[in-house]
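There are 2 protein chains.
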Amino acid sequence: MSLLTIGSIAFDSIKTPFGKISKTLGGSASYISLSAKNFTAVSIIAVVGKNFTDKYQRILKGVNTKGIEKTSGKTFQWGGEYGFDLNSRKTLYTKLGVFADFKPKLNEHHRNTKYIFLGNIHPKLQLDVLKQIKKPKLVGLDTMNLWIKTAHKDLLNVIKQIDVLIINDEEARQLSKENNLLKSAKKILRMMNDKNSTLIIKQGEHGLLMFINNNLSLRRTTAAKQSKNKIAALPSVARNDMQIFNLPGFPLENVVDPTGAGDSFAGGFMGYLAKADNISYKSLKKACAYGTITASFCIEKFGTKALENLTDKHIQKRYKKYKQLTRFNI
Amino acid sequence: MSLLTIGSIAFDSIKTPFGKISKTLGGSASYISLSAKNFTAVSIIAVVGKNFTDKYQRILKGVNTKGIEKTSGKTFQWGGEYGFDLNSRKTLYTKLGVFADFKPKLNEHHRNTKYIFLGNIHPKLQLDVLKQIKKPKLVGLDTMNLWIKTAHKDLLNVIKQIDVLIINDEEARQLSKENNLLKSAKKILRMMNDKNSTLIIKQGEHGLLMFINNNLSLRRTTAAKQSKNKIAALPSVARNDMQIFNLPGFPLENVVDPTGAGDSFAGGFMGYLAKADNISYKSLKKACAYGTITASFCIEKFGTKALENLTDKHIQKRYKKYKQLTRFNI
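Residue numbers (the working numbering), protein chains in the order written: chain A, 214 to 543; chain W, 214 to 543.
Shown next as structure tokens:
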């Protein structure tokens, strides 16, 4: 199956202890689609300005960009700087540009997509897109501290209607007002849809925790109900009312720019699920591993540079290493 | 096989956001032995003062305490306080007491032990013990920032003579003067013995990284050379000249006191290896998992409380959960 994503397309200016880069292609939709295209066909819903030239367009080769609207005005811009250990990031500026008045309009092809990822953008835009989808099978969503703070109600509204929420540990703590991540996860799963939500809490270099509500019959749409791919219950690791799955990060020696790591994770995760067209527990775990792998490539070079040349062969090779890296008893 | 450990026995006074406890049994040797005794017979080399009463002695039931010397003077005391998220610790006081003049003397039984863990104590004392061992098969060692700073030469001297170094990420960075943990690991492995050293970097709630030099024929003593248990090479995950293995932490909802977590890890790790009497790569990985499990119990209660009532049944149950928690593709 193919994947549809909405998110930002931006010109990023990034400074890290290892160098800097100016006006490089960035934004959540760019990182998501460049990661996901290694697994399946991807379409983007986004908006750019007149200054989005062919130079940028060419980087998105292999991605269906028919849903990128080009209007008068300037492409979204972001500037950021990372501290010595790459864990602290300072946003220097954010210029919304054409995103300020964006009203996403989906064509028939987009509206029929089954796998949707709502990249980090105002929750109202995420909901605008979701409403136009006919029969989604799996909807993922990313958000950020800004929306948790300034668009709390809209965010709660949209996360009630999705299947997989992908956020980082800080955002989870902020959203749940709980420091302990297990307690935080329980609270967030309650904020999500009734029974079968999945929450992924990214922990940067330390990997991730995935939580799945334990009542594992598929929910949501008729399409989902008709599917054969039920999420299989594995009660053995259930703690109270949820499943937990834990993956470490892929250890890297040379990290130069963490920008886009979270989006690349989402791209690999959703790309794998759409390709497999299977949302069993096993699939979700493999998707987490593929997401970790695409993100690990992303941060080894500046901006989208590493993703531009990424191939399935690279991904499979690292996936195999990763599997061995984390198995303690076979 | 049995395990011999040297380390501190202390009276700890601990304050965390979840409560406090005064003059409870503490010290590295206590946590190590109470964790390891679930796997194999453990002997302690340590010193206590006259105020080490039967009340404390009883807690070490099941541990061979013949190597605990009782002298005039006071038992080592430590006081510490944890911040809100339990990640920051402030040492309020350290009173060395009888440890100031301790000269460990090992009996014949001790000297014949094959599995040795040198708990966190001055490197000179660690070396004093190691010298008295006849034919060690596997020697592990823990240390801390204090010795890295104030006894650097002694520490480098002793880590050249051991097999497994177990430290945390901060200590690894301090010892190697490298921020990136892979680079740090490479440097530290070079500081260790020639070919076949193992380094475990603990990352608190985020789990651990284990690094093994890739030339995996067993080194050290004649005893080791005679052993059938060669560390099996698994070149598939080798990165440059070392193997890497990565485990996430065991997710816990209620952590009340992190004191002793590192020592409990070492106890479970070494206890399992001594019991299995096998130091293959697979054994080392399983030992990491068992260490993670004993540490996870330790921090759920104050001081040694959780370890006092720990049984093999608890450990095996959690080990099984942990295995499922981390497998993404079976």
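Ideal placement from N, C-alpha and C gives every residue a C-beta, glycine not left out. Given the structure is predicted, the values throughout are model-derived calculations rather than measurements.
For residue i: DSSP bridge partner residues
i	result
Phe-312/W	Paired residue(s): none; Phe-312/W is not in a bridge.
Asn-328/W	Residue identity differs from the one stated: residue 328/W is Tyr in this sequence, not Asn. In the DSSP output, where bridge partners are listed per residue, Tyr-328/W has Leu-216/W and Leu-351/W.
Val-255/W	Leu-216/W
Phe-424/W	Leu-412/W and Ile-457/W
Asn-277/A	Ser-256/A
Gln-537/W	Its beta-bridge partners do not exist; DSSP assigns none.
Arg-302/W	Tyr-295/W
Leu-238/W	Phe-224/W
Leu-394/W	Its beta-bridge partners do not exist; DSSP assigns none.
Gly-232/A	Thr-229/A
Beta-carbon spacing of residue i, residue j below 7 Å
i	j	result
Gln-387/A	Asn-358/A	yes
Thr-517/W	Leu-247/W	yes
Leu-369/W	Leu-354/W	no
Ser-226/A	Gly-240/A	no
Ser-509/W	Leu-460/W	no
Phe-478/W	Ala-500/W	no
Val-342/A	Ile-375/A	no
Arg-531/W	Ile-512/W	no
Ile-379/A	Ile-346/A	no
Tyr-306/W	Gly-296/W	no
Asp-298/W	Asn-392/A	yes
Tyr-328/A	Leu-216/A	yes
Lys-488/A	Thr-326/A	no
Met-455/W	Asn-426/W	yes
Val-261/A	Lys-283/A	yes
Asp-476/W	Tyr-244/W	yes
Ser-389/A	Lys-373/A	no
Gly-420/W	Gly-462/W	yes
Asn-264/A	Asp-525/A	no
Phe-312/W	Phe-289/W	yes
Ala-398/A	Phe-424/A	yes
Val-371/A	Pro-336/A	yes
Gly-480/A	Ala-223/A	no
Thr-539/A	Thr-411/W	no
Asn-333/A	Thr-356/A	yes
Phe-541/W	Ala-364/A	no
Glu-521/A	Ile-361/A	no
C-beta neighbour in chain W for residue i, strict 7 Å
i	result
Thr-539/A	yes
Ile-457/A	yes
His-322/A	no
Pro-317/A	no
Lys-236/A	no
Leu-395/A	yes
Lys-268/A	no
Lys-498/A	yes
Ser-430/A	Below a pLDDT of 50, predicted positions are generally treated as unreliable, and Ser-430/A, at 36, falls in that range; the measurement from the model is reported next regardless. No, Ser-430/A lies away from the interface with chain W (no Cβ there is under 7 Å from its Cβ).
C-beta neighbour in chain A for residue i, strict 7 Å
i	result
Asn-427/W	no
Ala-502/W	yes
Asp-298/W	yes
Lys-308/W	no
Pro-464/W	yes
Ile-444/W	Per-residue confidence for Ile-444/W stands at a pLDDT of 44, beneath the threshold of 50, marking its modelled position as unreliable; no derived number is given.
Neighbouring residues, chain A, relative to residue i (Cβ below 8 Å)
i	result
Gln-416/W	His-419
Asn-392/W	Phe-297 and Asp-298
Closest Cα partner of residue i within the set the options
i	options	result
Ile-258/W	Ala-474/W, Lys-250/W and Thr-218/W	Thr-218/W
Ser-493/W	Val-260/W, Ile-506/W, Ser-389/W and Asn-409/W	Asn-409/W
Leu-458/A	Asp-490/A, Lys-495/A, Ala-487/A and Asn-393/A	Looking at the sequence itself, residue 458/A is Phe, so the reference to Leu does not match. Nearest option by C-alpha distance: Lys-495/A.
Asn-277/W	Thr-472/W, Lys-263/W and Ala-242/W	Ala-242/W
Leu-319/A	Lys-396/A, Val-311/A, Lys-399/A and Ile-281/A	Ile-281/A
Val-255/W	Gly-484/W, Asp-267/W and Thr-266/W	Gly-484/W
Glu-294/A	His-323/A, Ser-235/A and Pro-317/A	Ser-235/A
Glu-383/W	Lys-415/W, Gly-473/W, Phe-515/W and Pro-317/W	Lys-415/W
Lys-545/W	Asn-467/W, His-322/W and Leu-273/W	With chain W represented from 214 up to 543, any question about residue 545/W goes unanswered, as that position is not in the structure.
Residues that residue i contacts on chain A, provided the C-beta gap is smaller than 7 Å
i	result
Pro-461/W	Gly-420, Asn-459, Leu-460 and Pro-461
Where residue i meets chain W, residues with beta-carbon distance less than 7 Å
i	result
Glu-513/A	Those within 7 Å of Glu-513/A in chain W number zero; the least Cβ separation is about 12 Å.
Lys-347/A	Within chain W, no residue comes near Lys-347/A; the closest Cβ sits about 32 Å away, beyond 7 Å.
Minimum Cβ-Cβ distance from residue i to chain D less than 7 Å
i	result
Tyr-503/A	Structure shown: chain D not included; protein chains present are A and W.
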